[in-house]
Amino acid sequence: DSGVTQTPKHLITATGQRVTLRCSPRSGDLSVYWYQQSLDQGLQFLIQYYNGEERAKGNILERFSAQQFPDLHSELNLSSLELGDSALYFCASSPAPDYGYTFGSGTRLTVV
Amino acid sequence: GENVEQHPSTLSVQEGDSAVIKCTYSDSASNYFPWYKQELGKRPQLIIDIRSNVGEKKDQRIAVTLNKTAKHFSLHITETQPEDSAVYFCAARMDSSYKLIFGSGTRLLVRP
Numbered sequence: 622d623s624g625v626t627q628t629p630k631h632l633i634t635a636t637g638q639r640v641t642l643r644c645s646p647r648s649g650d651l652s653v654y655w656y657q658q659s660l661d662q663g664l665q666f667l668i669q670y671y672n673g674e675e676r677a678k679g680n681i682l683e684r685f686s687a688q689q690f691p692d693l694h695s696e697l698n699l700s701s702l703e704l705g706d707s708a709l710y711f712c713a714s715s716p717a718p719d720y721g722y723t724f725g726s727g728t729r730l731t732v733v
Numbered sequence: 029g030e031n032v033e034q035h036p037s038t039l040s041v042q043e044g045d046s047a048v049i050k051c052t053y054s055d056s057a058s059n060y061f062p063w064y065k066q067e068l069g070k071r072p073q074l075i076i077d078i079r080s081n082v083g084e085k086k087d088q089r090i091a092v093t094l095n096k097t098a099k100h101f102s103l104h105i106t107e108t109q110p111e112d113s114a115v116y117f118c119a120a121r122m123d124s125s126y127k128l129i130f131g132s133g134t135r136l137l138v139r140p
């Protein structure tokens, strides 16, 4: 167990639907990062929060949004889902900017 | 822009041989370079990292070297074992940004 908790582990939903992925960072970590990993692909950076504020944004679609709450957990909202959104979504956390990430186990999203 | 190129995409070695994976980064302001190992269906795990003020770092069979002038860094695995088989990702982070930019990954296969 890495200390970063992601729920749910698996999610199957239909095209056009909306889902919410949840991430609880390791205790004491203020930064949360979201990455998308499609089948046999690399890790694409989506968005980063630090202590409740958005700090960096990657190639995140307008249909996707995220936030970090006062208790530091984060949610990634994916709407108007398309088949191509099927992927592993990882959350990672770090205590400070110059530390390495610890990844959660990911949420596998399947859009049918 | 920020970019990390990783080579080779696949690498097959005999057990006991060495494996070398190379990465090149585009932004000279990058100052932190971690390496992650991802086994099939699992989360990426940090195996070693290096900062820009260090040229080389070693941890048992794993070593990383950094050439800031050439903007490239490499992962060296000696005495490879079948359990080293996985996908390895390099990454780079700039001083002004908290996010890690990942390479496209190297699938390492260690043949018994």
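Same order as they appear, the protein sequences are chains A and B. In this text, residue positions in the first sequence follow my numbering: the first is 622, and each later residue adds one. In this text, residue positions in the second sequence follow my numbering: the first is 29, and each later residue adds one. No residue lacks a Cβ here, since even glycine has one placed at the ideal position from N, Cα and C.
Can you name, in chain order, every residue of its own chain whose Cβ lies under 8 angstroms from the Cβ of proline 72 of chain B, other than the five neighbours on each side? Tyr64, Lys65, Gln66, Phe117
Contact criterion: CB-CB distance below 8 angstroms. Does glutamine 669 of chain A meet it with respect to chain B? yes
Own chain residues within Cβ distance below 7 angstroms of arginine 89 of chain B, not counting five before or after: Ile105, Thr106, Glu107
Three-state secondary structure (DSSP) at leucine 36 of chain B? The sequence given here has proline at residue 36 of chain B, not leucine. In this structure, proline 36 of chain B counts as coil in the three-state DSSP scheme.
To which residues does DSSP link serine 714 of chain A through a beta bridge? A:Val653, A:Thr723
As a quick exercise: from A:Gln688, A:Ser714, A:Ser715, A:Ala635, pick the residue whose alpha carbon is nearest that of leucine 642 of chain A. A:Gln688
Quick one: residues in its chain with C-beta nearer than 6 angstroms to the C-beta of serine 40 of chain B, no 5 flanking neighbours on either side, listed in chain order? Leu137
Please list the partners that aspartate 719 of chain A has in chain B, where partner means a Cβ-to-Cβ separation under 7 angstroms. Near aspartate 719 of chain A (Cβ distances below 7 angstroms), the residues of chain B are Tyr60.
Sort A:Ser715, A:Thr723, A:Ser700, A:Tyr710 by Cα distance to glycine 637 of chain A and report the nearest one. A:Ser700
When you compare the CB positions of lysine 99 of chain B and serine 56 of chain B, do they come within less than 8 angstroms of one another, or not? yes
Sequence-distant residues of its chain with Cβ nearer than 8 angstroms to serine 46 of chain B (five each side left out): His104, Ile105, Thr106, Glu107, Thr108
Label serine 37 of chain B either buried or exposed according to how many other C-beta atoms from any shown protein chain fall within 10 Å of its C-beta, with 16 as the threshold for buried. exposed
Euclidean distance between Cα positions of leucine 682 of chain A and valine 732 of chain A: 16 angstroms
Beta carbons nearer than 8 angstroms to chain B: which residues of the region 670-702 of chain A have them? Tyr671, Arg676, Ala677, Gly679
Can you pull the DSSP bridge partners for glutamine 627 of chain A? A:Cys644, per the DSSP bridge assignment.
Here's the rule: buried if 16 or more other CB atoms are within 10 angstroms of the residue's CB, otherwise exposed. What is leucine 667 of chain A? With at least 16 other beta carbons inside 10 angstroms of its own, leucine 667 of chain A counts as buried.
Quick check on phenylalanine 101 of chain B: buried or exposed, where buried means 16 or more other Cβ atoms within 10 Å of its Cβ? buried
Do leucine 702 of chain A and tyrosine 710 of chain A have their C-beta atoms within less than 8 angstroms of each other? No, they are not a contact pair.
DSSP-derived helix/strand/coil call for aspartate 77 of chain B: In the structure shown, aspartate 77 of chain B adopts extended strand secondary structure according to DSSP, grouped into three states.
Quick one: does tyrosine 710 of chain A have its CB under 8 angstroms from some CB of chain B? no
Are valine 82 of chain B and leucine 74 of chain B touching if we call contact CB-CB under 8 angstroms? If you check the CB distance, valine 82 of chain B and leucine 74 of chain B do not come in under 8 angstroms.
At a CB distance below 7 angstroms, what residues from the region 624-637 of chain A approach chain B? Give them in sequence order. none
How would you label alanine 717 of chain A, buried or exposed, when you count the other beta carbons within 10 angstroms and need 16 or more for buried? Exposed.
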